[in-house]
Amino acid sequence: MEKVYNNKRKELQSKGLVDIVFSWSIEDVLNKDLYKNQVKKIPKTFLSAEQYRNSFLPSLIEETHSDLASSMESLYRAPLCEILSVKMSRNFRAPKNLFYYEIVVKRASDAENNDVGKYQPGSGDLVAFTDVRPNCEDDLSQPGRSFHIAYVVGARDERITILSTNYLEMSSFTKQKQLHAVYLINMTTNVRIWNALHSKLKDGNIIEKVLRADSTDGENCSICFSEENKNHPLVSTRDAICSGNLNNSQQKAVLSCVSMRECCHGDTLRLIWGPPGTGKTKTAALLLFSLLKLKCRTLTCAPTNTAVMQVTARLLGIVKESLEFGMYGLGDIVLFGNSARMKVDGYEGLRDVFLDDRIDKLLKCLPAWKHDLNSMVCLLEDHKRQYRLYKLDKNDHLMTLKVFLKQRFSSIRVNLMKHMETLCTHFPTSSISLEVVKNIFRSLTLLKSLQDSLNRRSINAFKKLSSEREECIGILKSISGSFSFPKIKGKFTLQRFCLKNACLVFCTTASSVKMCGKRMPPVECLVIDEAAQLKECESMIPLQIPGLRHAILIGDERQLPAMVKSQISDNAGFGRSMFERLVLLGHKKHLLNVQYRMHPSISAFPNREFYDEKISNAPNVRQKSYKQSFLRGNMFGSYSFINVARGKEDYGHGHSLRNMVEVATVSEIIARLHKEYNSRKRKISIGVISPYNSQVFEIQKGVKRYTMHSDSDFSVSVRSVDGFQGGEEDIIIISTVRCNEDGKLGFLSSRQRTNVALTRARYCLWVLGSAETLTKRDSIWKVLVLNAMEMNCFHDADDDKNMAQAIDDALLKIDLDKPEPDPLSKAFSSLSLHATAARSSSKKGGRHFMENSIRKPKW
4 MEKVYNNKRK
14 ELQSKGLVDI
24 VFSWSIEDVL
34 NKDLYKNQVK
44 KIPKTFLSAE
54 QYRNSFLPSL
64 IEETHSDLAS
74 SMESLYRAPL
84 CEILSVKMSR
94 NFRAPKNLFY
104 YEIVVKRASD
114 AENNDVGKYQ
124 PGSGDLVAFT
134 DVRPNCEDDL
144 SQPGRSFHIA
154 YVVGARDERI
164 TILSTNYLEM
174 SSFTKQKQLH
184 AVYLINMTTN
194 VRIWNALHSK
204 LKDGNIIEKV
214 LRADSTDGEN
224 CSICFSEENK
234 NHPLVSTRDA
244 ICSGNLNNSQ
254 QKAVLSCVSM
264 RECCHGDTLR
274 LIWGPPGTGK
284 TKTAALLLFS
294 LLKLKCRTLT
304 CAPTNTAVMQ
314 VTARLLGIVK
324 ESLEFGMYGL
334 GDIVLFGNSA
344 RMKVDGYEGL
354 RDVFLDDRID
364 KLLKCLPAWK
374 HDLNSMVCLL
384 EDHKRQYRLY
394 KLDKNDHLMT
404 LKVFLKQRFS
414 SIRVNLMKHM
424 ETLCTHFPTS
434 SISLEVVKNI
444 FRSLTLLKSL
454 QDSLNRRSIN
464 AFKKLSSERE
474 ECIGILKSIS
484 GSFSFPKIKG
494 KFTLQRFCLK
504 NACLVFCTTA
514 SSVKMCGKRM
524 PPVECLVIDE
534 AAQLKECESM
544 IPLQIPGLRH
554 AILIGDERQL
564 PAMVKSQISD
574 NAGFGRSMFE
584 RLVLLGHKKH
594 LLNVQYRMHP
604 SISAFPNREF
614 YDEKISNAPN
624 VRQKSYKQSF
634 LRGNMFGSYS
644 FINVARGKED
654 YGHGHSLRNM
664 VEVATVSEII
674 ARLHKEYNSR
684 KRKISIGVIS
694 PYNSQVFEIQ
704 KGVKRYTMHS
714 DSDFSVSVRS
724 VDGFQGGEED
734 IIIISTVRCN
744 EDGKLGFLSS
754 RQRTNVALTR
764 ARYCLWVLGS
774 AETLTKRDSI
784 WKVLVLNAME
794 MNCFHDADDD
804 KNMAQAIDDA
814 LLKIDLDKPE
824 PDPLSKAFSS
834 LSLHATAARS
844 SSKKGGRHFM
854 ENSIRKPKW
């Protein structure tokens with residue numbers, strides 16, 4: 004832990020991001036225009052590394068500022084904990100005008116209520132120390148109130164090391180009974196980006212490659228891809244790749260990337276373009292499997308834990324099919340990260356390569372395995388002597404030799420099996436050779452045979468098995484002296500050993516800083532999955548790794564980019580990925596051009612609008628069996644736009660938009676699907692997507708009885724568009740929410756967000772929205788609605804009797820929930836309701852409006 008703290012301290016040695024944050028007053032934090040004039044547009048090309056660095060820093064500071072300001076607006080629900088003691092730390096020498104402190108917080112399990120005390124500070128947290136439970140920023144700045152800001156440098160259980168600009172003493176809080184630490188934001192990623200941008204860029208480093216690019220970048224080397232070059236190492240790898248059940252575009256992408264390692268003539272940067280459903284993760288996994296076979300030390304990163312675990316799990320599925328001796332070979336693969344945030348159990352087999360689990364198992368195995376191995380050798384060589392020693396030690400003269408031998412042999416054998424399995428699974432192949440592993444498996448076979456003989460025969464028969472015993476003794480002795488282990492000084496030493504000797508390492512982009520240590524062997528190749536969701540400056544963290552020669556970026560710039568909170572930073576292009584910028588500069592990208600997810604009627608629109616019809620449908624989605632009907636009626640075919648003409652948008656939970664009429668419509672559809680499921684018992688997964696968090700919240704409430712359903716064959720997932728990126732379900736229902744006279748769409752008009760929402764479904768996609776609102780202005784949604792009409796996929800919700808009733812009920816509830824109006828307004832409201840009912844009964848306002856006010860396009 005001391006070394007971890009020292010590493011944290013190095014991040015803060017010079018004036019850095021934390022110092023800047025410490026310099027802000029509360030007034031500065033709440034000033035939305037504090038950095039408005041300092042943030043400039045980030046260019047596409049850069050003349051130098053210095054210009055590159057300076058282009059991102061103002062936006063990074065502003066983004067941190069905006070994140071902190073946002074946290075101040077929601078202080079009333081910020082997690083906090085009680086501080087029990089504060090003392091100045093003597094372990095660190097703080098930078099000028101800063102102080103290190105050791106604090107002790109009350110354990111979460113000791114909290115007296117559900118609201119206070121459930122928070123445990125973690126490394127990188129920015130916290131406010133205050134003597135009250137704050138409800139707003141004013142509570143932190145009132146005269147006479149104690150208030151300090153601190154940065155958490157390290158945390159070990161309830162003992163926390165913090166850095167603060169203020170001199171703290173518990174005595175300064177004597178007027179109040181309690182001192183609280185209130186969570187504000189976590190700065191770990193931003194601090195690491197800051198440090199990466201300030202790292203010295205060496206000449207010839209791969210970073211020089213990304214400063215600028217031209218249209219020739221990414222081309223294959225004509226020499227190494229020549230059929231005449233039969234002796235090239237790539238040729239042997241090519242056969243394995245071609246037999247990996249990949250389509251042509253996937254094969255070309257993998258071959259092109261693998262060729263970088265063997266080629267001295269070509270470029271060192273590759274882009275793989277993976278539109279929705281085109282097998283991006285499968286391609287990445289087979290690429291990594293090829294690099295594993297070539298023993299190419301590779302780091303694989305992604306923006307989120309989920310994305311990292313998905314590609315790791317897919318790779319493991321391929322690797323395990325190729326293993327010959329148990330799990331031998333998995334020691335070359337390491338996945339690491341925050342175990343509290345990574346839900347490793349959700350992916351089969353990930354614990355076999357997860358670093359924390361690996362360390363725990365090796366720490367139990369390494370001190371004991373040799374003792375058990377030697378004990379087995381002694382027992383096999385002279386079991387009578389072992390029996391005499393046992394009687395002397397235990398003073399047990401009742402146990403017979405036969406019983407002793409059976410029990411002792413069985414006990415040691417079970418332990419040895421566990422130890423051998425741990426060593427074969429978790430030790431890197433560079434430290435335990437295949438020959439040793441073969442001997443281990445042979446010894447386990449012999450031990451099982453001897454165990455069977457003991458169980459079936461007498462001791463004399465066991466003695467007669469001299470050839471098997473002698474062979475087993477010889478093998479066990481050879482295993483004992485065939486390989487050595489690192490000197491264990493605790494978890495930290497063992498972690499470094501596993502990371503240093505791994506061939507494939509997986510982690511989030513921010514966590515990759517751990518691979519930058521001075522004693523860490525160089526990483527030859529970097530693979531960034533979901534690269535288009537990553538801010539370019541965040542990509543700089545892994546690109547700083549020493550020895551890096553090749554980089555492979557996998558993503559799709561036409562889906563959602565990285566999330567940016569500050570509008571100022573967003574306007575400057577802070578959310579733009581390196582992947583997108585290189586594409587804009589003409590860098591060649593390898594397109595995966597066959598989609599395996601969506602029914603053709605679903606994929607047709609996004610293929611035309613977002614991918615210039617470059618994507619073809621795989622044979623599996625073109626089969627008749629792929630067209631599945633879950634509800635009766637044309638409205639619920641493979642693809643539909645359902646016009647909810649009588650919707651009402653307003654502000655709901657968290658100052659976000661909602662549309663309770665669409666909530667009722669979604670609930671009605673889910674209820675009907677559940678009823679159909681109960682009658683047919685047909686497994687079905689449903690996803691409900693909305694771009695607005697308030698709508699997500701309301702729909703989750705409306706369908707709670709189905710999301711909490713114990714039957715896993717009927718699942719309902721309700722998430723935002725951002726939350727659904729990378730996901731897929733049998734049926735997707737989209738609630739667009741917007742319903743207003745001006746045709747305002749807000750960020751609903753984002754083409755990237757629309758692309759993600761429209762490409763999550765396998766069999767059915769049903770889009771709910773107000774056609775009148777969505778077609779008022781030119782946008783991607785107007786094109787979608789007109790296309791649905793042209794394809795006869797446009798339907799009015801009011802045409803469905805049950806749906807119309809659900810809408811009527813929702814409108815009535817909205818009207819009843821409104822404050823009581825004055826009599827005159829009430830009379831006008833009554834007239835309006837009668838008019839609405841008349842329009843509904845005469846089928847006007849829905850398709851009637853569309854057909855008479857919008858001219859159909861000629862496609």
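Quick note: to get my numbering, add 3 to the position in the sequence shown (first position is 1). For every residue, glycine included, the Cβ atom is placed at its ideal position computed from N, Cα and C.
Which first and last residues belong to the beta strand (DSSP E) in which residue i is found?
i	result
CYS84	83-91
GLU652	652-654
TRP276	272-276
GLY705	Premise fails: GLY705 lies in the alpha helix (DSSP H), 696-705, not in any beta strand (DSSP E).
HIS798	797-799
THR425	Where THR425 is concerned, there is no enclosing beta strand (DSSP E), although the alpha helix (DSSP H) it sits in stretches over 404-429.
GLU105	102-108
VAL530	528-531
DSSP state of residue i, grouped into three classes?
i	result
HIS553	strand
HIS183	strand
ASP22	helix
HIS235	Any reading at HIS235 needs caution, since the residue's pLDDT is 49, under 50, leaving its predicted position unreliable; the model's value is listed next. Looking at HIS235 - three-state DSSP - the assignment turns out to be coil, as it is neither helix nor strand.
LEU258	helix
VAL337	strand
ASN646	strand
CYS767	strand
THR164	strand
PHE582	helix
Answer with yes or no whether the minimum CB distance from residue i to chain D is below 7 Å.
i	result
LEU588	As a matter of chain content, chain D is missing from the structure shown, which is built from one protein chain.
Output yes or no for whether 7 Å exceeds the beta carbon distance between residue i and residue j.
i	j	result
HIS422	SER643	no
ASP335	CYS506	yes
VAL156	LEU166	yes
ASP532	ILE548	no
VAL691	ILE736	yes
PHE486	ILE435	yes
VAL721	GLN698	no
LEU272	LYS203	no
Express the C-alpha separation of residue j and residue i in angstroms, rounding to a whole number.
i	j	result
ASP36	VAL567	16 Å
ASP160	PRO82	17 Å
SER414	THR315	36 Å
PRO278	GLY578	19 Å
GLY730	ARG763	6 Å
VAL353	CYS368	Val is not the amino acid found at residue 353; the sequence shown has Leu there. Those two C-alpha atoms are separated by around 20 Å.
TRP372	ASN418	8 Å
TYR154	THR191	10 Å
GLU424	GLY484	18 Å
SER433	VAL526	16 Å
SER572	ASN34	15 Å
ASP725	LEU563	7 Å
ARG56	ILE210	11 Å
What does DSSP give as the partner residue(s) for residue i in the beta ladder?
i	result
ILE321	Answer is none; ILE321 lacks a bridge partner.
CYS506	Paired residues: none, contrary to the question.
LYS129	Reading off the sequence, residue 129 comes out as Leu, not Lys. DSSP output for LEU129 lists TYR154, ILE188 as bridge partner(s).
ILE687	PHE717
HIS590	For HIS590, which the question treats as bridged, DSSP gives no partner whatsoever.
ILE29	Paired residues: none, contrary to the question.
THR511	ALA305
ASN620	GLN598
Which residues bound the alpha helix (DSSP H) around residue i?
i	result
GLU384	372-384
GLU775	774-777
SER456	437-459
VAL664	663-683
TYR614	603-614
CYS742	Looking at the DSSP string, CYS742 is not in any alpha helix (DSSP H), and its letter there is neither H nor E.
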